[in-house]
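Here is the structure we will look at, set down as structure tokens.
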Amino acid sequence: MTNSNILNIVGLTLDIIGVLMLFKYGLPPELNRDGAIFLVCEENDEEQIRKAKRYDKYSYSALTLLVIGFLLQLLANII
2 MTNSNILNIV
12 GLTLDIIGVL
22 MLFKYGLPPE
32 LNRDGAIFLV
42 CEENDEEQIR
52 KAKRYDKYSY
62 SALTLLVIGF
72 LLQLLANII
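Numbering (the working numbering), first residue to last: 2 to 80.
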């Protein structure tokens with residue numbers, strides 16, 4: 002197996018992982034980004050805030066994996 006094949010396989014694997022993470026951690030519409038509870042006046046839900054931060058972190062990580070995967074595939078085709 003050549004280096005370009007290995008780079009291509011690693012790139013595809015990172016792309017698949019990134020897409021699956023984006024599918025799971027994409028921002029759902031029911032997620033309140035401010036942590037506000039609409040049934041109670043002037044109260045923020047700290048759990049919703051933590052959940053939104055976690056989703057942001059995983060979403061950006063997934064996009065980073067996709068970009069790295071595509072760059073590895075591009076490098077594999079150049080070599």
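Built from N, CA and C at the ideal position, the CB exists for glycine as well.
The structure displayed is predicted, hence computed values, not measured ones.
Residue environment analysis places M22 among the buried positions, since at least 16 neighbouring C-beta atoms fall within 10 angstroms of its C-beta. Contact check for N4 against Q74 fails: the beta carbons are separated by 8 Å or more. Straight-line spacing of the CA atoms in V20 and K54 works out to 19 Å.
In the DSSP assignment, T3 falls outside any alpha helix (DSSP H) and carries neither an H nor an E. Contact between I80 and L15 is absent: CB atoms are separated by about 17 Å, not below the 8 Å threshold. Shortest Cα-Cα distance from E47 to any of D35, K58, F71, D57 involves D35. Under the three-state reduction of DSSP output, G19 falls in the helix class.
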